[in-house]
Every structure is written in structure tokens, then in C-alpha cells.
Amino acid sequence: MIFKPKQVNQTLKTELTNDQNHRLENKKDFNPATFNIIKNETRMKYVSIGFWIIIFIMSLVGIAYNALIHLNTDSIGVGLYFLFAVPTFISLFYLVKNIVKVLQWKKVKQKYQNNFTQEDVSSSPIFAELYRYLVLKRLRFTWFIIFFFTYFGLFNLLVLFLKDQVIEVGNVISSSQDRLGFNIHFIIDFSKIFNKWFKNTNLLLIINLSIMCSTLAFYLFTLFFDKKRANDIIDNFGSNQTAVQLQNVVEERRVQENKTWIKTYFIIFALTILFPFVLFIYLIYRGIIRRKK
């Protein structure tokens, strides 16, 4: 029997052609919504990588600058080293984290392009992890905004209320009365103090108001944008049981964490704002704290 290699080559070519056609069919069946999610998430991770690289480089430049300015001095600038070290480690952490995420999304994209079925989306942990992250991120960001506006807003209200005030604490007593017990008396001129701290108090209030408005606008944009991302992921899952289970598990986690945030907020608010405010009102009522006439 004569061996015919052409038939083997022809069979091999046929198998390769069938395999290529199979992959092309799979790519045609590749859900555009899934592809858009992968593409958009990868792009956002690249943007995050660029942002954290800038922060990392600026922090290193700050550390190097601090070392140079203290090179021939007795002081080593420990405070500045600490100030620049914090963003250095934070930026390095998020830089590595985003690089890992980019590699994961590329791996997922390659996997689905080679052999895609709609069930693969439900079974992939990266989509479920992203959905859970987005839901909890909205909750945590909301509570950050609540804390921020509570304390930053109160700070600005206090500055606005006190910037022209002169407060007298305690009472002036004679030297003979002073021998009978302990006495406290001092005057606080907030106008002088704020001018020393902030130079221009009115300008500070305007800048802080702009910061609050910008923060609120950024929060609203992020809130709606992340909600759309989460909805796209759920829509991509379809109406299967996995999507329903994922939503239920994440919602249960969100409710439990929200209760913890509520308790934490009221405890911190009571200790740092409510109790000092009640004490302040009591001291005013007793005449210990009053406006200087």
C-alpha cells in the first residue's frame, strides 16, 4: 500500500478550517454587551493605573525634595517624610491592584473569544465580584459623603459664625476672691485667630463652599455611573437563577453593612458633636461662656 501524505495534509487543513470556522461562529455569538463591559472596565483600569502612577511619582519626588532641602541641616523633616510616605504606599497598592485587574479582564476576554457561551458569564467570578464591588462602593461612598458634609459642613458653619466674634470665658474676680479658690478667665478673639490661621477667612469659606459643591457633583456623577455599570452586569447575566441569587446575596450584605454604618455614624456624632454641643449650651446658660461686651 502506497502512503499518500496529501490526504493527511488535506485532512489536517480541513480540521484547521473547521476549528477556525467554529471560533468565528463563537465570536459572532459573543454578546456585544459582555464585550462592552470588558472593554469599558479595562479602559477604566488603565485610567486608574495612569492616575496612581502620577501620584506615585509625585510622592517620590516629594520625598527626594524633602531629602535635598534637609541635606545640610540638623532637621531631617520627619513630618514631610510621613506626609509623602502615605500617598506613596497607597498609590503603590492601588497601582498593583489595577494592574492585576487589567490582566484578569484580558484573560476573561481571551477566554470568551475562544469559547463563549452565555452560561460562562454567570459562572465567571469576576463579573459577580465587580457587581458586589459596585453595590458596596455606592453604599460606602454615600456614607463617606455623609461624614464629609457633616464635619466639613459644621467646620465651615462654625468659622462663619465665629469669624467676627470675641468670646469671654470665666469671670474676672479680685485678688482677695482669687485666694478662696480656683478661677479661669480668658478672652478668645476669633477674628484675630482666624486671620492668623487662614489669612483671609472669607476666601477660605468661598473655597470650601466650592469644594463641597464639586464633591457633591462628583458624588452624583459617580453614583449614577456605577449604578449603570451594575445594571449592565445584571442585564448581561440574563434572567437565570444565578443572577437572582447574586442580587439577593449582595443586597443582604448591603443591608447589613448599612445598619453598621448607621450605628457607627450616630455613635461618632454623639461623642464628637452632640455631647460637646450640649456642654457648650450648658456653659452659656451658666454664664461661664458669653460674648464680650
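Numbering follows my numbering, in which position 135 of the sequence shown is assigned residue number 242; successive positions increment by one, without gaps. Just so it is clear, CB atoms sit at the ideal spot from N, CA and C, and this is done for glycine as well. This structure is a prediction, so every number in the text was calculated from the model and none was measured.
Alpha carbon to alpha carbon, how far is residue j from residue i? Give it in angstroms, no decimals.
i           : j           : result
residue 245 : residue 304 : 36 Å
residue 264 : residue 270 : 10 Å
residue 242 : residue 268 : 39 Å
residue 361 : residue 317 : 31 Å
residue 350 : residue 233 : 14 Å
residue 203 : residue 144 : 21 Å
residue 378 : residue 207 : 41 Å
residue 352 : residue 358 : 10 Å
residue 172 : residue 240 : 38 Å
residue 371 : residue 342 : 34 Å
residue 374 : residue 260 : 19 Å
residue 323 : residue 334 : 16 Å
residue 186 : residue 389 : 39 Å
residue 262 : residue 312 : 10 Å
residue 306 : residue 331 : 39 Å
residue 219 : residue 236 : 17 Å
residue 132 : residue 139 : Unreliable placement is indicated for residue 132, whose pLDDT of 45 sits below 50; no coordinate value is reported for it.
residue 355 : residue 366 : 17 Å
residue 294 : residue 364 : 46 Å
residue 147 : residue 213 : 12 Å
residue 310 : residue 386 : 31 Å
residue 164 : residue 381 : 42 Å
residue 266 : residue 178 : 39 Å
residue 314 : residue 348 : 51 Å
residue 300 : residue 200 : 40 Å
What does residue i pair with, by DSSP beta-bridge criteria?
i           : result
residue 273 : 296
Quick one: what's got a C-beta closer than 6 Å to residue i's C-beta in the same chain, skipping five residues either side?
i           : result
residue 195 : 166
residue 238 : 337 and 340
residue 162 : 194 and 198
residue 176 : none
residue 383 : none
residue 252 : 326
CB-CB under 7 Å to residue i, same chain, minus the five flanking residues each way: which ones, in chain order?
i           : result
residue 302 : 308
residue 248 : 326 and 329
residue 160 : 202
residue 211 : 233
residue 296 : 273
residue 368 : 250
residue 205 : 152, 155, 156 and 159
Quick one: what does DSSP say residue i is sitting in, helix, strand or coil?
i           : result
residue 205 : helix
residue 334 : helix
residue 70  : Lying outside 108 to 400, the shown extent of the chain, residue 70 is not represented and no answer is given.
residue 306 : coil
residue 350 : helix
residue 313 : helix
Can you name, in chain order, every residue of its own chain whose Cβ lies under 8 Å from the Cβ of residue i, other than the five neighbours on each side?
i           : result
residue 209 : 149, 152, 153 and 156
residue 192 : 166 and 170
residue 190 : 169
residue 376 : 257
residue 188 : 170 and 173
Compare the C-beta of residue i against all C-beta atoms of chain C and say whether one is closer than 8 Å.
i           : result
residue 352 : The structure shown contains no chain C, having only a single protein chain.
Evaluate contact between the segment 245-264 and the segment 319-329, counting only Cβ atoms and requiring at least three cross-stretch pairs below 8 Å.
yes
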